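Peer 1: Here it is: the structure, laid out below.
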Amino acid sequence: MKWFLHSLGMMFGAAARKPDEGELTDAARSMMKFKKLPEQVKDRKAKIAHEHEFPVVSNKWRNRRWASIVILNLLFVVSYWFDVQLVEGALTASRFFGFHMADAFSAAQVMLAFKDVMLNLVIGTTTVIVAWWLVGGRAFCSWICPYHLLAEWAEMLHLKLARLGLAKDHVFHRGLRTVLWGLFLALAFLTGYTIYEYINPVGIVSRALIYGPTIAVFWVLFLLGVEVFYSRRFWCRYICPMGLTYGITGAASPVQVEYNLEICLHEGECRKVCMVPHVLEVTKMGYASDTFEYIGADCTRCGMCVDACPQGALKFKVRGLDSVI
Amino acid sequence: MTDERPDPDVDEMVPQAPRKRLTRRELEKRRMLLRSVGAGVTLLGLSFVGYFPILKQLFERLRPPGAIAEDDFLAACIKCGQCVQVCPVQAIKLADGDEGYGLGVPYIDARQQACDFSCDAVQCVLACPTGALTHDISKKEEVHMGIARLARPDACLAMKGQGFKGLARGDLFQGLLRYEDIDRWNPIRVADHPYDVELCDLCVRECPITGAISLAPVSGDPGDKRRMPVVHEACVGCGACEMICPVEPAAIVIDPKVHKERLA
């Protein structure tokens with residue numbers, strides 16, 4: 006439980022740490038000890054060298070995800086332009102076959118700013134929370150959010166520039182997102198305006214796709230510029246309060262990426278590709294508390310680490326499904 | 345943030361301690377914290393830029409039917425555009441970033457495309473998930489978006505006693521209007537509907553609300569052809585008159601409810 010709270014705390018900005026004696030299971034302790042035997046270390050090094058010689062590149066999950074983002078956003082666009090009425094509205098609020106859906110953070114701002122609890126929004130938010138709890142909370146980010154896709158391309162560019170020495174990643178404190186989350190909600194209440202929606206790139210991009218481009222898109226382009234030249238995945242990692250809201254939603258979701266300590270070589274390929282690498286600190290030697298571990302609330306279930314891990318030590322897992330089947 | 349070191353500032357607060365030289369790691373961390381505070385303050389500052397157009401009252405937009413009082417409307421609207429999607433004449437547009445907190449909030453540019461109640465049952469109100477377009481209204485007569493005003497009486501053809509022949513807004517005008525005698529169910533292009541009237545009464549003729557506007561004689565002289573459009577209590581501010589007015593710029597315009605609220 007304490008260890009789970011620690012994983013939650015990491016989402017709000019706490020630093021990753023090694024499990025203390027009480028949190029470490031006996032199995033994990035003995036496995037770690039075994040892994041530190043000289044011949045095991047040597048064996049691991051040999052395996053890693055072999056991997057580097059014959060790298061296996063997989064984009065399976067990335068391709069599925071990109072397809073998902075494109076298709077789901079196209080559904081919104083098509084619903085409007087061809088009047089097929091599948092999902093009407095934008096990502097802040099919509100109707101899916103007539104059922105209300107509302108983004109929890111947008112709805113919270115509206116209710117705080119307007120100082121009223123609107124039934125439709127409560128219904129819409131509940132639907133969204135239940136749905137995204139089921140599929141993994143921040144899965145919203147990597148499987149639907151159109152800004153995520155743009156940011157992913159910006160990230161690829163950033164990494165390319167960084168390799169050429171033309172850009173450097175500047176790290177921010179992850180607690181910033183938690184502070185802004187609280188401040189934007191408080192400000193909505195105090196000012197009576199949905200202040201955050203003014204700079205919300207998710208809303209801006211979603212509306213621009215559906216209703217046509219606006220000058221607000223330049224703000225999004227500026228943010229992408231920041232991500233390309235200054236700070237890798239700046240918005241999604243350190244700022245987006247919608248992302249944090251979905252993170253909370255999916256903290257105890259059945260869909261998890263599961264880490265297998267036994268076969269992990271601790272080489273860190275997963276942390277290199279991860280958008281929120283703090284969740285993968287657990288893959289460092291000595292950071293796992295158990296031989297199998299879910300990698301945390303902030304994980305967007307994007308599957309990049311699943312693709313990247315040469316050993317298959319990270320896998321998607323649906324909790325409880327094994328016992329059901 | 346991967347290391348748990350004591351905050352360097354804490355060391356400095358001990359009075360006698362000599363000023364310690366910070367290690368590179370501590371310096372990095374301090375820079376990172378400063379950067380984070382800077383980013384947070386910058387973002388908050390930028391989000392407050394949206395206040396400017398509101399405080400300056402740069403825009404007085406005609407809001408869709410059922411819109412609650414302007415400030416409440418900006419708060420209650422979730423900026424999803426569902427009202428845009430259901431409007432059969434696409435009268436509703438979403439405001440851009442220059443309108444501050446109005447970003448993504450719906451408005452109607454009546455001169456380009458008025459709300460002509462082609463949908464009959466105020467679809468936008470039904471579509472609104474938040475009640476920013478209040479569900480208290482269910483028919484067009486209950487709408488109160490604004491009120492029409494003869495802003496340029498000198499330009500008004502009726503005021504000059506003139507008739508009108510041809511297309512009200514030219515053949516390139518994209519606006520739609522429901523002409524009940526032509527097609528009860530489908531609005532057609534205004535550009536497909538030429539007029540030929542002895543005395544221009546387009547604003548009265550195309551008003552979708554009964555008893556909202558009428559022409560009144562300008563003088564007691566029965567031979568005086570001149571008439572003045574008079575707006576009555578029943579006007580809901582839909583903007584059909586502003587859209588159809590054949591002079592450029594329109595002689596009759598809508599004062600949005602916002603305007604009235606601010607005058608009050």
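Protein chains in written order, with this note's numbering: chain A, 6 to 330; chain B, 345 to 608.
Backbone N, C-alpha and C fix where the C-beta goes; we use that ideal spot for every residue, glycine too.
What you are looking at is a predicted structure, and each value in this text was computed from that prediction instead of being measured.
Taking only three categories from DSSP, how would you classify residue 9 of chain A?
Peer 2: Numbered from its first residue, the first sequence carries residue 9 of chain A at position 4. Helix.
Peer 1: For residue 299 of chain A, list the residues DSSP reports as bridge partners.
Peer 2: As a position in the first sequence, residue 299 of chain A is number 294, starting the count at 1. Partner(s): A:263.
Peer 1: Along the stretch 401 to 434 of chain B, what residues have a CB closer than 7 Å to any CB found in chain A?
Peer 2: From the stretch 401 to 434 of chain B, only 415, 416, 418, 419, 420, 422, 423, 424, 425, 426, 428 and 429 have a Cβ closer than 7 Å to chain A.
Peer 1: Mind checking which residues open and close the beta strand (DSSP E) that includes residue 599 of chain B?
Peer 2: In the second sequence, counting from the first residue as 1, residue 599 of chain B sits at position 255. Taken as a continuous stretch (DSSP letters only), the beta strand (DSSP E) holding residue 599 of chain B covers 596 to 600.
Peer 1: Would you identify the three-state DSSP class for residue 179 of chain A, choosing helix, strand or coil?
Peer 2: As a working mapping, residue 179 of chain A is identified with position 174 in the first sequence. The answer is coil: DSSP assigns residue 179 of chain A none of H, G, I, E or B.
Peer 1: Does residue 194 of chain A have its Cβ less than 7 Å from a Cβ in chain B?
Peer 2: Working through the first sequence from its first residue, we reach residue 194 of chain A at position 189. Answer no: the Cβ-Cβ gap between residue 194 of chain A and chain B never drops below 7 Å.
Peer 1: Identify each residue in the stretch 473 to 494 of chain B for which the Cβ-Cβ distance to at least one residue of chain A is less than 7 Å, and report them in chain order.
Peer 2: Going along the stretch 473 to 494 of chain B in chain order, one finds 473, 474 and 475 with a Cβ nearer than 7 Å to chain A.
Peer 1: Between residue 347 of chain B and residue 22 of chain A, what straight-line distance do the alpha-carbon atoms span, to the nearest angstrom?
Peer 2: As a working note, residue 347 of chain B is residue 3 in the second sequence. As a working note, residue 22 of chain A is residue 17 in the first sequence. Its pLDDT being 48, under 50, residue 347 of chain B is placed unreliably in this model, and the coordinates cannot settle the point.
Peer 1: Any chance you could list the alpha helix (DSSP H) runs of at least 4 consecutive residues sitting entirely within the stretch 126 to 192 of chain A, in chain order?
Peer 2: Runs of the alpha helix (DSSP H) inside the stretch 126 to 192 of chain A: 144 to 148 and 151 to 168.
Peer 1: Opposite residue 558 of chain B in the DSSP bridges: which residues?
Peer 2: As a working mapping, residue 558 of chain B is identified with position 214 in the second sequence. Beta-bridge pairing links residue 558 of chain B to B:574.
Peer 1: So which of A:306, A:300 and A:309 has the shortest CA-CA distance to residue 12 of chain A?
Peer 2: Along the first sequence, read from residue 1 onward, the residue named residue 12 of chain A stands at position 7. Per the Cα distances, A:300.
Peer 1: Excluding the 5 residues preceding and the 5 following residue 381 of chain B in the sequence, name in chain order all residues of the same chain whose CB lies nearer than 6 Å to its CB.
Peer 2: As a first step, residue 381 of chain B must be located in the second sequence, where it is residue number 37. Nothing meets the Cβ criterion.
Peer 1: From the DSSP output, read off the bridge partner residues of residue 105 of chain A.
Peer 2: Here residue 105 of chain A corresponds to residue number 100 of the first sequence, with the count starting at 1. Residue 105 of chain A is bridged to A:100.
Peer 1: Among the candidates A:168, A:156 and A:121, whose CA atom is the shortest distance from the CA of residue 230 of chain A?
Peer 2: Mapped onto the first sequence, residue 230 of chain A falls at position 225. Residue A:156 is the option with its Cα nearest to residue 230 of chain A.
Peer 1: For residue 520 of chain B, which residues does DSSP report across the bridge?
Peer 2: The residue labelled residue 520 of chain B in the question sits at position 176 within the second sequence. Per DSSP, B:533.
Peer 1: Using the beta-carbon of each residue, which ones in chain B are nearer than 7 Å to residue 187 of chain A?
Peer 2: To locate residue 187 of chain A, count along the first sequence from 1; it is residue 182. The contacting residues do not exist; residue 187 of chain A stays about 11 Å from chain B at best.
Peer 1: In terms of alpha-carbon separation, which member of B:415, B:455, B:521 and B:425 lies closest to residue 594 of chain B?
Peer 2: The residue given as residue 594 of chain B occupies position 250 in the second sequence. The shortest Cα separation from residue 594 of chain B among B:415, B:455, B:521 and B:425 belongs to B:455.
Peer 1: Using 10 angstroms around the beta-carbon of residue 137 of chain A, count the other beta-carbons present and answer buried if the total reaches 16, otherwise exposed.
Peer 2: Position 132 of the first sequence, counted from the start, is the residue given in the question as residue 137 of chain A. Counting Cβ neighbours within 10 Å, residue 137 of chain A comes out buried, since at least 16 surround it.
Peer 1: Can you give the Cα-Cα distance for residue 585 of chain B and residue 579 of chain B, rounded to whole angstroms?
Peer 2: Numbered from its first residue, the second sequence carries residue 585 of chain B at position 241. Numbered from its first residue, the second sequence carries residue 579 of chain B at position 235. For residue 585 of chain B and residue 579 of chain B, the distance between alpha carbons rounds to 11 Å.
Peer 1: Compile a chain-ordered list of the residues in the stretch 198 to 211 of chain A whose CB is closer than 8 Å to at least one CB of chain B.
Peer 2: Those residues of the stretch 198 to 211 of chain A that come within reach of chain B (Cβ to Cβ, closer than 8 Å) are 198, 199, 200, 201, 202, 203, 204, 208 and 209.
Peer 1: Along chain B, in chain order, which residues have C-beta atoms closer than 9 Å to that of residue 215 of chain A?
Peer 2: Indexing the first sequence from 1 puts residue 215 of chain A at position 210. Near residue 215 of chain A (Cβ distances below 9 Å), the residues of chain B are 425, 428 and 429.
Peer 1: By a C-beta neighbour count over all protein chains shown, 10 Å radius and 16 as the cutoff for buried, is residue 588 of chain B buried or exposed?
Peer 2: Translated into the one-based positions of the second sequence, residue 588 of chain B becomes position 244. It is buried - the Cβ of residue 588 of chain B has at least 16 other Cβ atoms within 10 Å.
Peer 1: Going by DSSP in three states, residue 204 of chain A sits in which element: helix, strand or coil?
Peer 2: Sequence index remark: in the first sequence, residue 204 of chain A carries index 199 (1-based). In the structure shown, residue 204 of chain A sits in coil (DSSP, three-state: anything other than H, G, I, E or B).
Peer 1: Leaving aside the five residues before and after residue 101 of chain A along the sequence, list all residues of the same chain whose C-beta is less than 6 Å from its C-beta, in chain order.
Peer 2: On the first sequence, position 96 is the one that residue 101 of chain A refers to. The residues are 92.
Peer 1: Measure the C-alpha to C-alpha separation of residue 403 of chain B and residue 87 of chain A and round it to an integer number of angstroms.
Peer 2: Here residue 403 of chain B is taken as the residue at index 59 of the second sequence, counted from 1. Here residue 87 of chain A is taken as the residue at index 82 of the first sequence, counted from 1. If I take the Cα positions, the gap works out to 32 Å.
Peer 1: Use the C-beta contact count for residue 509 of chain B: other C-beta atoms within 10 angstroms, 16 or more gives buried, fewer gives exposed.
Peer 2: Position 165 of the second sequence, counting from 1, holds the residue named residue 509 of chain B. Result: exposed.
Peer 1: What does a CB cutoff of less than 6 Å around residue 142 of chain A pick up in its chain, not counting 5 residues either side in sequence?
Peer 2: Looking up residue 142 of chain A in the first sequence gives position 137. 251, 252, 254, 255 and 258.
Peer 1: For a quick check, are the C-beta atoms of residue 216 of chain A and residue 438 of chain B less than 7 Å apart?
Peer 2: Counted from its first residue, the first sequence places residue 216 of chain A at position 211. Counted from its first residue, the second sequence places residue 438 of chain B at position 94. The answer is yes: Cβ separation under 7 Å.
Peer 1: Anything in chain B within Cβ reach of residue 335 of chain A, meaning under 7 Å, just list it in chain order.
Peer 2: Look at the range of chain A in this structure, 6 to 330, and you will see that residue 335 of chain A is not part of it.
Peer 1: Considering Cα atoms alone, identify which of B:487, B:388, B:462 and B:386 is closest to residue 410 of chain B.
Peer 2: Residue 410 of chain B sits at position 66 when you count from the first residue of the second sequence. The shortest Cα separation from residue 410 of chain B among B:487, B:388, B:462 and B:386 belongs to B:487.
Peer 1: For residue 379 of chain B, which residues in chain A fall below 9 Å Cβ to Cβ?
Peer 2: The sequence position of residue 379 of chain B within the second sequence is 35, counting from 1. Those within 9 Å of residue 379 of chain B in chain A are 175, 176, 177, 178 and 236.
Peer 1: Have a look at residue 194 of chain A and residue 242 of chain A and give me their C-alpha separation to the nearest angstrom.
Peer 2: The sequence position of residue 194 of chain A within the first sequence is 189, counting from 1. The sequence position of residue 242 of chain A within the first sequence is 237, counting from 1. One C-alpha to the other measures close to 25 Å.
Peer 1: Compare the Cα-Cα distances from residue 268 of chain A to each of A:293, A:277, A:261 and A:282 and report the closest residue.
Peer 2: Taking the first sequence and counting its residues from 1, the one referred to as residue 268 of chain A is at position 263. Selected option, being the one with the closest Cα: A:293.
Peer 1: Mind listing the chain A neighbours of residue 462 of chain B? Cutoff is C-beta to C-beta under 9 Å, in chain order.
Peer 2: Here residue 462 of chain B refers to the residue found at position 118 when the second sequence is read from its first residue. What residue 462 of chain B touches in chain A: nothing, since even the nearest Cβ is about 15 Å away.
Peer 1: Helix, strand or coil for residue 413 of chain B per DSSP?
Peer 2: On the second sequence, residue 413 of chain B is found 69 positions in, with the first residue counted as 1. Coil.
Peer 1: Are there 16 or more other CB atoms within 10 angstroms of the CB of residue 212 of chain A, so buried, or fewer, so exposed?
Peer 2: Your numbering for residue 212 of chain A matches position 207 in the first sequence. That one is buried.
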